[in-house]
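To start, the structure under review is shown below, and the notes come after it.
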Amino acid sequence: MILTRISPLCLALPMLVLFLASCRHDEFVIYEEVERVGGEPASDAMCSGLYLLNEGNMGSNHSTLDYLDLLTGTYHRNIYAQRNPSVVRELGDVGNDIQVYGSRLWMVINCSNKVEVARVSDAVRLGQVDVPNCRYVAFAGGYAYISSYVGPVALGGDVQLGRVYKVDTLTLQKVDSVTVGYQPEQMAVVGDRLYVANSGGYRLPVYDNTLSVVRLSSFAEECRIRVGVNLHRVESDRYGQLWVSSRGNYADIPPRLYCLAMTARHEYAVVDSLELSVSDMQVTGDTLWYFGKPSSSAGPSYGIIDVRTHRAIDTHLFDGVLSARIAMPYGILVDRHTRDFYLMDAKNYVSNGELLHFLPDGRLDWRMRTGDIPSCGVLVGACLHDAETDDLPQPSDLLTVDEYVPAPGQFVNMMPRWDEGDDALAMAEKCTSALNGGGVVSLGGFGGYVTFHFDRSVTNVADAPDFAVFGNAHDGASEPGIVMVSIDTNHNGVPDDEWYELSGSADTDSLGRVTYGYEVTYERQGDMAAVPWTDNLGRSGIIARNPWHNQEYFPQWLDSPLRLGGTLLPPNGSDLSHNGSSWVLSHLRYGYVDNRPNTDTDAQRFDLDWAVSPVTRQPVRLSHADFIRVYSAQNQVCGWLGETSTEVTGASLNIGRRTK
Amino acid sequence: MLLKLILSVLPLCSSVADTCDVLSISEVEVVQSVRSREVVSGQQLDGEGVRRLGALSVADALHHFSGVQVKDYGGIGGLKTINVRSMGSQHTGIFYDGVELGNAQNGQVDLGQLSMENVESVRVYHGQRSALFQTASDFGHSGTVYLRTRIPINNHLRVMGQGGSFGLMRGSFLCERRLSERVSSSLLVNGTRSDGQYPFRYRRLNYDRTVAYDTTAHRHNGDVTSFHAELNLFGRMDRSNWHAKAYHYQSDRGIPGAIVNNVWRRGERQSDGNTFVQGQWQGDLTPRYSMRVLGKAAYYSTHYVCRDSTQFMADNRYRQMELYASTSHAVELTPSWSLSAACDVRHNVLWSDMPLFHTARRTTCLLALASALHVSDVRAQVSLMSTDFSHLSPSAFVCWDASRWLSLHAFAKQSYRLPTFNELYYTTIGNSRLRPETARQLDAGLQFRTSSQSSPWRLSLTADVYRNRVSHKIIAYPQGQQFRWTMLNLGEVRVTGVDLNAESGVNLGQWHLQLSPQYTWQRAIDVTSPADSYYRHQIPYVPHHSGSLRASLAYRGVSLLYAFTYTGERWSQQQNIAYNHLQPWYTSDLHLQYQTPSWRLSADVLNLLDQQYDVIVNYPMPGRSFRFSISYSL
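Taken in sequence, the protein lines are chains A and B.
When the letters of the first sequence are read in order and numbered with the numbering used here, they come out as residues 215 to 874.
When the letters of the second sequence are read in order and numbered with the numbering used here, they come out as residues 241 to 874.
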């Protein structure tokens with residue numbers, strides 16, 4: 215029976231070998247993985263990179279940070295652990311939000327009950343703020359505002375109210391907190407107020423339906439605005455509107471997207487709601503990009519909404535075939551300069567997700583494996599310095615508005631906002647801060663204008679453009695305005711000198727269709743009535759009201775009747791559908807503000823050599839100019855789009871690289 | 241035919257059960273007929289052997305069975321479930337004295353709650369127990385664990401006290417009495433408490449081998465207090481016997497939760513109360529016809545409370561009721577050919593005070609037909625079970641005794657698992673359109689053993705290769721809106737494996753020596769879709785290699801046992817990448833015992849080398865711990 219004696223050994227021996235061969239070893243920090251993304255590195259990219267936060271499945275401690283280096287076209291997966299090896303148990307559990315403020319990267323790590331603060335330059339940790347069940351972060355005036363599910367238990371209830379913590383962004387100390395609604399989610403800052411979307415997700419099926427309004431100067435909750443059930447996202451646009459997503463109750467109440475605007479009583483109220491499911495959205499310029507999943511059975515939907523008209527511009531961001539290959543869209547990020555966009559696909563939540571990069575025309579550029587559940591990202595680099603953070607100084611060319619005399623219009627008294635008691639001077643100041651801070655100044659209907667000057671004169675450089683004025687045009691939505699310039703010949707610092715017009719392409723391309731010396735007179739009716747006008751050709755009409763904008767349309771600080779004059783450009787709007795649903799406002803060849811998208815840098819540039827006398831139309835040679843005026847040069851109404859109105863978003867003397 | 245009971249000569253009993261030609265022990269008595277015979281035997285550990293392993297619960301014992309993975313969330317109070325041959329814990333049936341223990345809510349029986357105190361034997365069968373005379377439920381699983389209560393032989397009284405690390409205190413009282421010639425009883429009462437505060441350590445190095453971090457913390461909220469009482473009555477008549485049981489288990493425990501960055505303690509708690517009564521009667525109505533009836537009524541309540549302000553604060557109660565009745569019939573048509581039929585009806589109800597929860601009810605009817613044939617050296621069995629008259633689970637088992645030492649066996653089986661109530665109805669994730677999961681199994685193996693009564697040597701070897709496929713696997717799938725999941729029949733898993741078992745012993749005078757190694761190799765891959773990033777990756781928590789070893793030495797009343805358990809590298813998620821990688825773990829336990837006829841003293845050292853490991857990621861396991869126990873018998 216030798217066999218019997220050996221057999222257990224025969225079995226035990228390979229086992230022992232196996233055990234020894236596959237023993238435990240020391241555990242090492244998991245280092246980053248680097249891959250090339252493919253596609254072409256954008257040479258003119260304003261942004262140098264993108265930080266992507268991966269949520270990681272709850273309880274897995276798998277939240278990781280990825281970095282896309284746009285300058286080299288490389289993707290760095292999981293950079294946090296290597297750059298911060300001494301942080302016990304790495305980045306944490308369930309990363310929920312990532313933002314940049316100044317030179318710091320803020321990461322809200324939900325189930326680790328902390329907000330991690332690191333350097334933007336290299337993601338090296340600077341510290342953390344302990345906030346229980348933290349959700350989102352917003353910034354204003356040197357403070358971070360962090361929403362948290364954990365607040366006091368409401369009287370008579372058993373579920374906690376939520377809280378917003380105020381954190382000093384320099385010291386990372388919590389300085390204050392305020393109680394808001396149930397399970398607060400995203401927040402938006404407009405002026406001195408913080409708007410907090412309350413979800414009530416823990417109170418299922420009795421969700422919260424309010425937006426908390428917190429006054430920042432006193433850090434107290436002023437009121438709660440009823441919006442819709444289970445609110446999640448909130449973003450403001452440059453017209454001062456708030457866009458708030460409601461997730462519905464997953465049963466009989468469908469998800470919706472609400473738009474809130476300032477009412478005559480200076481309170482926000484719901485002015486519109488769209489039957490859209492919005493999982494994530496981003497407002498950039500005049501557009502709101504979103505995606506969502508209306509129901510468990512339906513596939514995801516994607517789209518772009520024009521925030522001025524509240525209408526969809528696009529309902530397919532990209533090829534439909536590709537759409538089927540995206541399992542679980544989880545985040546969207548739009549580069550506001552190039553209009554490239556990124557989509558995050560979380561797949562099945564428990565394996566690596568994917569980041570997809572699309573070109574502005576919706577073509578897929580590349581796709582890249584990320585960590586588990588890529589949920590949110592933030593672009594970093596030079597692009598941050600003009601709009602992402604409002605309190606960073608502008609690099610140059612601060613301008614000052616001298617006069618703001620808009621014609622009546624649907625955005626007048628709103629962009630910028632007129633408050634009771636504001637006079638012409640106050641409104642000019644508001645325009646100054648809007649134009650220096652990424653905001654919008656609407657000029658209303660024909661003849662409405664804004665006059666401004668730089669801190670130095672505009673010099674006429676021979677055979678080259680001399681300055682730039684930016685608008686908010688995009689393809690098919692051109693609202694051309696004419697530029698006038700003036701020299702302060704009496705040296706009184708006030709624009710009361712002779713004006714010259716910069717002649718644009720219509721003067722040669724549309725001979726006989728341009729009306730010179732045109733004048734329109736508007737009369738205030740008051741009480742939210744439409745504003746009638748008459749012109750010097752004997753015609754008349756109205757600036758009609760629409761359901762989306764509920765303020766007075768006549769500039770409240772100006773006297774009536776309001777007479778405005780200038781050169782009238784030929785109508786550029788046409789209704790492609792012939793039933794009033796699809797308006798295209800074509801652009802003119804050159805020489806107008808708000809005529810071409812700001813990405814078309816050449817089209818924003820103006821040359822003092824184009825100056826003509828507005829009366830004789832004869833060219834004038836100017837060595838320099840001190841004041842610049844832009845006026846709205848169309849008198850047309852395009853169906854539901856309303857009156858055509860030039861919008862100004864900024865101006866610059868530094869016309870080399872800067873686009874806004 | 242030779243009737244041989246597995247009464248171990250050695251203090252520690254065999255893990256490999258009786259071989260093909262030996263009759264198995266039926267639940268209550270040994271009936272020497274083809275209709276109670278098993279075709280392929282299972283693995284077995286007897287209760288005394290398990291207790292010597294220092295096992296407090298059944299979960300501790302199951303590490304020593306091949307093809308079995310125990311999921312353990314750590315500590316005495318942590319959830320412990322079993323996964324047989326990678327088909328998922330819900331495919332495994334746990335039978336307590338012939339009646340299945342169920343949990344209609346989540347399909348998982350917490351093995352940590354099952355005490356080993358009065359268990360006579362633990363058996364594990366792959367496929368099913370290939371016996372004829374059993375309930376229809378026995379035919380329905382892809383793996384089964386059988387626990388059998390000790391039947392009193394004499395009047396016996398045992399008092400035991402135990403203490404150990406992490407505030408462990410345990411006391412038990414067992415009273416066994418013969419009430420009459422035909423009726424005996426046993427009463428077991430035990431209580432356990434532990435504060436569960438064990439230290440654990442997480443450590444990482446930089447690649448230059450400098451320490452990145454090295455931190456030690458204490459597990460909090462892992463305390464448990466439990467109470468268990470059980471009364472058994474056994475009766476025996478001329479041609480029949482009966483058994484009745486009343487069972488109650490009560491516990492209150494903290495749920496320690498995952499250890500993640502910045503979170504070292506949590507505040508979830510759970511109380512359980514499980515009560516059931518069951519009874520069965522079986523008898524030979526004629527020499528060729530046997531019948532059994534069986535019934536059970538159970539009431540389970542769970543109270544889950546989360547008072548952790550950083551989490552969703554909950555206070556939910558769940559109550560479950562189960563009513564079960566079964567009858568089985570076996571007929572011996574010829575001495576070598578038998579037929580059986582069984583019918584089970586089970587009714588489950590689940591109540592909860594969760595918002596939007598609707599009471600869930602389900603009645604399941606199982607029907608089984610089986611036939612066994614014994615022709616010279618070959619035994620075969622086929623069975624067919626239907627679940628609710630729709631899903632058919634066929635199986636076929638065959639065993640051939642090639643020689644005195646060697647037998648060959650094989651089986652093929654398809655079985656279903658019904659969706660649990662959680663999967664069907666859970667407030668936010670349920671999907672009432674789910675179909676059952678399907679498991680297909682193929683297995684072939686051989687068993688070699690020495691059967692010489694005269695030799696002091698004893699050896700038995702079993703080897704099995706198998707191939708399983710789980711289709712329509714029910715998995716949680718994200719629904720689109722954040723935090724909302726749904727259940728889908730989406731997964732497909734293919735398992736290929738090898739189980740090796742050996743059992744050897746030698747008696748040299750007063751010295752008894754035993755060595756029992758066991759090894760499992762498994763390749764369990766996800767083959768759901770080639771488009772997945774984890775296509776053909778090993779499924780979560782299934783190691784390629786695992787095994788255990790028990791070695792014992794006994795001299796008179798003193799015995800020393802060394803137990804080694806090994807689990808190879810695993811992945812915590814579907815993708816086999818570095819982030820999900822879990823290191824192998826292996827623990828060594830030592831048990832020393834001294835026994836006199838009435839006293840028994842034992843000392844255990846568990847995890848002797850103080851290994852810091854996770855069975856489930858972020859749920860650290862205890863390091864080295866000690867236990868001492870003393871018991872007195874009368």
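Every residue, glycine too, gets a C-beta built ideally from N, C-alpha and C.
{"Item": "8 Å contact criterion, which phenylalanine 651(B) and serine 635(B) should meet: CB distance rounded", "Value": "7 Å"}
{"Item": "Nonlocal neighbours in the same chain, by C-beta distance under 6 Å from arginine 709(B), ignoring five residues either side", "Value": "Arg680, Arg734"}
{"Item": "Paired residues, beta bridge with phenylalanine 433(A) - DSSP", "Value": "Beta-bridge pairing links phenylalanine 433(A) to no other residue."}
{"Item": "Alpha-carbon to alpha-carbon, phenylalanine 661(B) and serine 878(B)", "Value": "The requested residue 878(B) is not part of the displayed model; chain B covers only 241 to 874."}
{"Item": "Cβ of phenylalanine 552(B) within 8 Å of any chain A Cβ", "Value": "yes"}
{"Item": "Cβ-Cβ distance between isoleucine 696(A) and aspartate 711(A) below 8 Å", "Value": "no"}
{"Item": "Three-state secondary structure assigned by DSSP to methionine 881(B)", "Value": "Because chain B in this structure spans residues 241 to 874, residue 881(B) falls outside the shown range and cannot be described."}
{"Item": "Buried or exposed by the 16-neighbour rule on C-beta atoms within 10 Å, applied to glutamate 634(A)", "Value": "exposed"}
{"Item": "Three-state secondary structure (DSSP) of cysteine 415(B)", "Value": "strand"}
{"Item": "Leucine 445(A) vs asparagine 463(A) beta-carbon contact at 8 Å", "Value": "no"}
{"Item": "Cβ-heavy atom distance, tryptophan 591(B) to the ligand ADP, below 7 Å", "Value": "The ligand ADP is not among the ligands present in this structure, which contains no ligands whatsoever."}
{"Item": "Neighbour flag for aspartate 261(B) against chain A, beta carbons, 8 Å", "Value": "Here the model assigns aspartate 261(B) a pLDDT of 35, short of 50, so the residue's position is not dependable, and the following value carries that caveat. No, because no Cβ of chain A sits closer than 8 Å to the Cβ of aspartate 261(B)."}
{"Item": "Unbroken stretches of the alpha helix (DSSP H), 4 residues or longer, contained in the segment 346-419 of chain A", "Value": "none"}
{"Item": "Residues of the segment 593-616 of chain B whose Cβ lies closer than 7 Å to any Cβ of chain A, in chain order", "Value": "Pro595, Leu596"}
{"Item": "Residues sharing a beta bridge with valine 672(A), DSSP", "Value": "Ala839(A)"}
{"Item": "Test: asparagine 502(B) CB closer than 8 Å to a CB of chain A", "Value": "yes"}
{"Item": "Sequence ranges, alpha helix (DSSP H) only - wholly within the segment 470-552 of chain A, length at least 4", "Value": "534-538"}
{"Item": "Nearest candidate by alpha-carbon position, reference leucine 783(A), set Asn706(A), Pro694(A), Arg407(A)", "Value": "Pro694(A)"}
{"Item": "Opening and closing residue of the beta strand (DSSP E) in which threonine 614(A) lies", "Value": "613-619"}
{"Item": "Opening and closing residue of the alpha helix (DSSP H) in which leucine 302(B) lies", "Value": "298-302"}
{"Item": "Where the alpha helix (DSSP H) containing arginine 476(B) begins and where it ends", "Value": "First-last for arginine 476(B): 464-476, but that is the beta strand (DSSP E), not the alpha helix (DSSP H)."}
{"Item": "Cross-strand partners of valine 308(A) (DSSP beta bridge)", "Value": "None, per the DSSP bridge assignment."}
{"Item": "Whether threonine 515(B) touches valine 464(B) by CB criterion (8 Å)", "Value": "no"}
{"Item": "N- and C-terminal bounds of the alpha helix (DSSP H) containing tyrosine 294(A)", "Value": "294-297"}
{"Item": "Minimum Cβ-Cβ distance from isoleucine 244(A) to chain B less than 8 Å", "Value": "yes"}
{"Item": "Residues of its chain near serine 724(A), where Cβ-Cβ distance is below 6 Å and the 5 sequence neighbours each way are ignored", "Value": "Pro784"}
{"Item": "Serine 377(B), DSSP secondary structure in three states", "Value": "helix"}
{"Item": "Neighbour flag for tyrosine 516(A) against chain B, beta carbons, 8 Å", "Value": "no"}
{"Item": "Contained beta strand (DSSP E) runs [length at least 3] in the segment 495-575 of chain B, N- to C-terminal order", "Value": "508-526, 529-546, 554-574"}
{"Item": "Arginine 291(A) and glutamate 247(A) closer than 8 Å at C-beta", "Value": "yes"}
{"Item": "Opposing strand residues paired with threonine 592(B) [DSSP bridges]", "Value": "Before going on, a small fix: residue 592(B) reads as serine here, not threonine. The partner list for serine 592(B) (beta bridge, DSSP) reads Tyr558(B)."}
{"Item": "Close-in-space but distant-in-sequence residues of the same chain around valine 373(A) (CB under 6 Å, 5 per side omitted)", "Value": "Tyr416, Arg417"}
{"Item": "Neighbouring residues, chain B, relative to glutamate 304(A) (Cβ below 8 Å)", "Value": "Asn501"}
{"Item": "Chain B contacts from the segment 317-344 of chain A (Cβ-Cβ distance under 8 Å)", "Value": "Ile323, Cys325, Ser326, Asn327, Lys328, Gln342, Asp344"}
{"Item": "Between the CA atoms of valine 699(A) and valine 829(A) - distance to the nearest angstrom", "Value": "14 Å"}
{"Item": "Separation of alanine 691(A) from glycine 794(A), as counted between CA atoms", "Value": "15 Å"}
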